[in-house]
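Data block below; observations after.
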RNA sequence: GGUCUCGUGGCCGAGUGGCUAGGCACUGGUCUGCAAAACCAGCUACAGCGGUUCGAAUCCGCUCGAGACCUCCA
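In my numbering, the protein residues as written are 91 to 578.
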């Protein structure tokens, strides 16, 4: 393992050399979705970012165990006592069982992930499947003196915790300052301290999702499930914990506190946070009404969209921005990415057809070094892609006869380019998804007929073929060695 | 209000002290029956003001603007 990977660690606010606890193994935990409605595009960006991260770790030779949870307990919508259970609420709205809601939106989530070629995690645990672990954790926190019971509810005792620990070490917050500036302080009579958060909530009889516990019927607090499940599958301390930036506080901060209350230290050594997808400068979110669903983007069936974009184009678009930067969504940006994606994939397709020479203008190892350096620098996919475009330019120049490549370099270059594009970036060719055998045969026939027309200078026939293929979204390109075709 | 982040060419988006990322768009050229694609060339920006420095998009200060979190959120 000679990894030169550096990652930006939210805990320290710096880029650090990545050194796993027990190489080559890497434990990676990412906070997954709450399955009470369709995942929107903003949600997807986070999981896409961690897909890139997991893919690169594996490419780099690490043996990754990737755990990403499904939150299927209906947590309350606000922190006040009269909050509404989101899954329960949606269940009433759609006249379904809560678990039907969970199943429906979990399936939808999986379908979207698959369409964007986001690989599934190695373990995808659910909160409802880990009630015992969560209850056990609460017992430990209580026994260690960092929680208290209040009328069937268990709250984490932030005041007690902050005597010896820093509640705010991850998010950079000062609890006392927070108190001065907290907006809503109503309805928190059961808590001793404003910042205390629920580990267990007492359920009212009409609350559908509830479980027995030593403290009566109820349900676990939101922050708890991740602590319990990451500990179960990755151990008391593991390498990377990730999630969206909006989870930093209070969710991740509370996770750190819960784990520390149990074991004396936080769960992860490196915390990675992905930035938001914005639309016209504002965070894409359901509450703002500016969220777009992946399927709406793929089909173009949305008032804000001019047309649809293939999932691979969307993937490429998101990869062109760094995961820690906000990315602004627009039709124009998508269109630009679509062209860029096509250019990249076309270059990849040309590469195996290159005619080789006895000398080479291509330094494959130099390209490899550039690609690796970009990704080693906190997974900088935009820089990686810029190097890929340089490579495409070289490939096209060889095809034009301006540059040369040897047989060996060509073989190595193909392996390198395919590996980077498909394994790290997870980009696949759109054309390959169609039926190939028959189509290729038919196209060969059509282009052969057109070539005959052209050799007879029968431009009318040749142009008619090209125009009619164009109407079928097939582009004909006339090159030196005959015509080729591709889908639009 | 508090904490933090950001402001890059027509658009998107990298870059953290010197070596003009890249994509899209645009302009000129090569190639082509025409077109598309491709290639070559051009377009040389860092919100404003001041400071540090031999040298700043990059460091510091101020001003203006935008966003995130502080409440469920990827």
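From the three backbone atoms N, C-alpha and C, an ideal C-beta is built for every residue, glycine too.
Which two residues bound the contiguous alpha helix (DSSP H) that contains residue i?
i	result
residue 106	Residue 106 -> not in any alpha helix (DSSP H); beta strand (DSSP E) instead, spanning 104-107.
residue 437	421-440
residue 376	Residue 376 -> no alpha helix (DSSP H), and no H or E assigned at all.
residue 317	312-324
residue 549	549-561
residue 405	401-409
residue 228	221-233
residue 202	188-205
residue 527	527-545
residue 388	384-389
residue 178	176-184
residue 142	131-149
residue 458	454-466
residue 501	497-508
Can you grab the Cα-Cα spacing for the pair residue i / residue j, in whole Å?
i	j	result
residue 443	residue 219	52 Å
residue 351	residue 299	27 Å
residue 314	residue 577	49 Å
residue 349	residue 207	33 Å
residue 438	residue 506	11 Å
residue 535	residue 193	48 Å
residue 323	residue 331	13 Å
residue 176	residue 236	28 Å
residue 446	residue 495	5 Å
residue 457	residue 502	11 Å
residue 117	residue 490	47 Å
residue 387	residue 199	15 Å
residue 147	residue 391	36 Å
residue 543	residue 397	36 Å
residue 184	residue 253	47 Å
residue 112	residue 320	17 Å
residue 575	residue 174	56 Å
residue 93	residue 467	11 Å
residue 104	residue 96	10 Å
residue 511	residue 556	31 Å
residue 182	residue 195	15 Å
residue 222	residue 306	14 Å
residue 128	residue 381	11 Å
residue 408	residue 417	8 Å
So, is residue i buried or exposed, given that buried needs 16 or more other C-beta atoms within 10 angstroms?
i	result
residue 107	exposed
residue 424	buried
residue 530	exposed
residue 549	exposed
residue 172	Note that residue 172 scores 46 on pLDDT, short of 50, meaning its location in the model is unreliable; the coordinates nonetheless yield the value given after this. Exposed, by the Cβ-count rule.
residue 558	exposed
residue 133	buried
residue 426	exposed
residue 492	exposed
residue 499	buried
residue 269	exposed
residue 554	exposed
residue 528	exposed
residue 160	buried
residue 562	exposed
Out of the options, which one is the CA nearest neighbour of residue i?
i	options	result
residue 201	384, 455, 529	384
residue 288	263, 254, 242	242
residue 479	234, 406, 413, 491	406
residue 120	382, 398, 361	361
residue 462	450, 149, 135	149
residue 140	127, 130, 124, 158	158
residue 459	473, 449, 450	473
residue 432	188, 399, 145, 416	399
residue 228	311, 546, 105	311
residue 210	222, 221, 217, 197	197
residue 411	435, 382, 564, 367	367
residue 189	326, 255, 162	162
Rounded C-beta distance between residue i and residue j? I'm assuming under 8 Å.
i	j	result
residue 156	residue 212	5 Å
residue 627	residue 440	What is shown of the chain runs 91 to 578, which leaves residue 627 out entirely.
residue 340	residue 205	Actually they are not in contact, since the Cβ atoms of residue 340 and residue 205 sit about 32 Å apart, beyond 8 Å.
residue 98	residue 414	6 Å
Note the first and the last residue of the continuous beta strand (DSSP E) segment covering residue i.
i	result
residue 331	328-334
residue 486	Run containing residue 486: none in the beta strand (DSSP E); it sits in the alpha helix (DSSP H), 471-489.
residue 288	288-292
residue 346	No beta strand (DSSP E) holds residue 346; the alpha helix (DSSP H) holding it covers 343-353.
residue 240	237-240
residue 243	243-246
residue 368	367-369
residue 564	564-569
Could you check whether the Cβ of residue i sits closer than 7 Å to any heavy atom belonging to the ligand ADP?
i	result
residue 247	For the structure depicted, the ligand ADP is absent and the ligand set is empty, with no information on it obtainable.
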